[in-house]
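See below for the structure under consideration.
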Amino acid sequence: MHISKIDLNLFTVFEAIYTEGSVTRASQQLHLTQPAISHSLNRLRQLFDDPLFVRQGHAMVSTPLARSIIEPVRSALRGLEVTLADTGKFDPALAGKQFTLALRDVLESTVLPPLLESVTRQAPMIDLAAIQVDRRELVSELAAGSLDVAIDMLLPLPNEIRREKISQDTTVVMARQGHPIVKGALDLDTYLKAEHILASSRRKGPGLEDFELSRLGLQRRIRLRCQHYFAACRVVSQTDLLLTMPEGYARIANQQFGNQIMPLPITMPSWDVYLYWHQNVENDPANRWLRQQVTQAFRASEQEETA
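Using the UniProt record's numbering, the first residue of the sequence shown is number 1, and each one after it goes up by one.
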């Protein structure tokens with residue numbers, strides 16, 4: 001069937017039902033009545049000769065066919081949005097919009113203060129939402145436009161996801177003031193004699209520093225595994241455990257604890273931070289402006305750390 005015979009609005013309805021898992025929520029998202037959404041769904045079912053969604057309890061669950069076509073549909077819709085955008089008239093001072101950024105919690109304290117300061121000053125009607133997204137979902141979320149950008153370490157993502165390195169950081173070790181064996185300097189022997197905290201969102205597995213130690217035939221004792229660096233910094237302040245972490249966040253998280261911060265006594269690759277966006281918004285002026293703000297926010301944060 002030729003595309004001229006198809007109502008392209010049906011695909012907007014299809015994407016909304018898939019995303020929301022509900023005809024009711026899809027109607028709210030698109031500001032249409034439920035009967036209008038149901039009518040569009042019936043037309044889609046006739047078009048594809050497939051139910052596309054089946055009801056299970058209160059949810060609309062997608063069929064295998066629906067799951068196989070969602071990404072091409074999302075990509076096409078996103079491309080149309082960018083094409084139809086008035087590329088010459090994006091004015092952050094007048095625009096009303098919410099940008100959604102995916103980033104790990106360790107980066108929030110680094111980038112959000114300077115980013116929000118800049119956005120508030122330039123764009124009083126633009127809002128930000130910082131969320132954490134499963135890395136396995138980044139490609140589909142960026143393609144769908146439910147994420148505007150993502151900020152993370154270097155990830156093996158397909159070429160349709162553009163990337164730019166926007167920051168790099170060194171690794172440091174934190175110990176409490178008055179530590180019985182760490183007194184202003186830290187050598188490798190002392191590091192290995194101490195007990196350690198590993199802060200990781202993963203339930204098991206070594207940290208990056210453990211990979212480097214294993215390459216040297218060395219191993220450390222991890223006494224505590226926890227989820228967040230801030231909690232680990234507090235534990236450090238009240239115990240003799242050491243914490244290995246990125247320097248930028250260490251300077252921020254340690255402000256209220258006053259722990260010692262020292263270089264890691266082995267060579268570690270830098271913590272490189274990348275900005276990710278979908279190729280469909282490469283030339284979108286709003287997304288381009290957001291990417292510029294994020295990059296400048298990281299630079300401002302780094303300058304503040306070194307001041």
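Every residue gets a Cβ at the ideal spot worked out from N, C-alpha and C, and that includes glycine.
Closest by C-alpha distance to residue i, when choosing among the options
{"i": "residue 60", "options": "31, 281, 48, 20", "result": "20"}
{"i": "residue 278", "options": "131, 78, 112, 123", "result": "78"}
{"i": "residue 218", "options": "261, 266, 111, 182", "result": "266"}
{"i": "residue 233", "options": "221, 215, 256, 214", "result": "256"}
{"i": "residue 228", "options": "105, 45, 6, 64", "result": "105"}
{"i": "residue 24", "options": "55, 300, 46", "result": "55"}
{"i": "residue 308", "options": "292, 296, 259", "result": "Only positions 1 to 307 of the chain appear in this structure, which leaves residue 308 out of reach."}
{"i": "residue 195", "options": "235, 254, 127", "result": "235"}
{"i": "residue 31", "options": "245, 215, 124, 12", "result": "12"}
{"i": "residue 237", "options": "62, 125, 253", "result": "253"}
{"i": "residue 101", "options": "151, 18, 28", "result": "151"}
{"i": "residue 269", "options": "213, 144, 80", "result": "213"}
{"i": "residue 67", "options": "207, 53, 6", "result": "53"}
{"i": "residue 63", "options": "76, 272, 44, 80", "result": "44"}
{"i": "residue 149", "options": "302, 284, 125, 303", "result": "284"}
{"i": "residue 272", "options": "97, 153, 204, 223", "result": "153"}
{"i": "residue 200", "options": "220, 231, 147", "result": "231"}
{"i": "residue 137", "options": "125, 119, 158", "result": "158"}
{"i": "residue 133", "options": "178, 147, 206", "result": "147"}
{"i": "residue 281", "options": "262, 80, 119, 103", "result": "80"}
{"i": "residue 175", "options": "215, 226, 211, 262", "result": "262"}
Cross-strand partners of residue i (DSSP beta bridge)
{"i": "residue 165", "result": "274"}
{"i": "residue 60", "result": "55"}
{"i": "residue 100", "result": "129"}
{"i": "residue 152", "result": "274"}
Whether residue i touches residue j by CB criterion (7 Å)
{"i": "residue 16", "j": "residue 26", "result": "yes"}
{"i": "residue 155", "j": "residue 173", "result": "no"}
{"i": "residue 128", "j": "residue 90", "result": "no"}
{"i": "residue 108", "j": "residue 130", "result": "yes"}
{"i": "residue 295", "j": "residue 166", "result": "yes"}
{"i": "residue 300", "j": "residue 114", "result": "yes"}
{"i": "residue 308", "j": "residue 111", "result": "The displayed coordinates of the chain run from 1 to 307. Any statement about residue 308 would go beyond what the structure contains."}
{"i": "residue 117", "j": "residue 169", "result": "no"}
{"i": "residue 65", "j": "residue 49", "result": "no"}
{"i": "residue 209", "j": "residue 244", "result": "yes"}
{"i": "residue 241", "j": "residue 197", "result": "yes"}
{"i": "residue 123", "j": "residue 74", "result": "no"}
{"i": "residue 69", "j": "residue 18", "result": "no"}
{"i": "residue 10", "j": "residue 40", "result": "yes"}
{"i": "residue 181", "j": "residue 171", "result": "no"}
{"i": "residue 141", "j": "residue 275", "result": "no"}
{"i": "residue 220", "j": "residue 188", "result": "no"}
{"i": "residue 125", "j": "residue 96", "result": "yes"}
Reduced DSSP category for residue i - H, G, I as helix; E, B as strand; rest coil
{"i": "residue 39", "result": "helix"}
{"i": "residue 147", "result": "coil"}
{"i": "residue 195", "result": "strand"}
{"i": "residue 172", "result": "strand"}
{"i": "residue 33", "result": "coil"}
{"i": "residue 7", "result": "coil"}
{"i": "residue 136", "result": "helix"}
{"i": "residue 177", "result": "coil"}
{"i": "residue 116", "result": "helix"}
{"i": "residue 160", "result": "coil"}
{"i": "residue 75", "result": "helix"}
{"i": "residue 301", "result": "helix"}
{"i": "residue 90", "result": "coil"}
{"i": "residue 182", "result": "coil"}
{"i": "residue 45", "result": "helix"}
{"i": "residue 95", "result": "coil"}
{"i": "residue 187", "result": "coil"}
{"i": "residue 67", "result": "helix"}
Neighbour flag for residue i against chain B, beta carbons, 7 Å
{"i": "residue 248", "result": "Absent from the structure: chain B. Only one protein chain is present."}
4-residue-minimum alpha helix (DSSP H) runs that sit fully inside the region 206-293, ordered along the chain: 208-215, 229-238, 247-253
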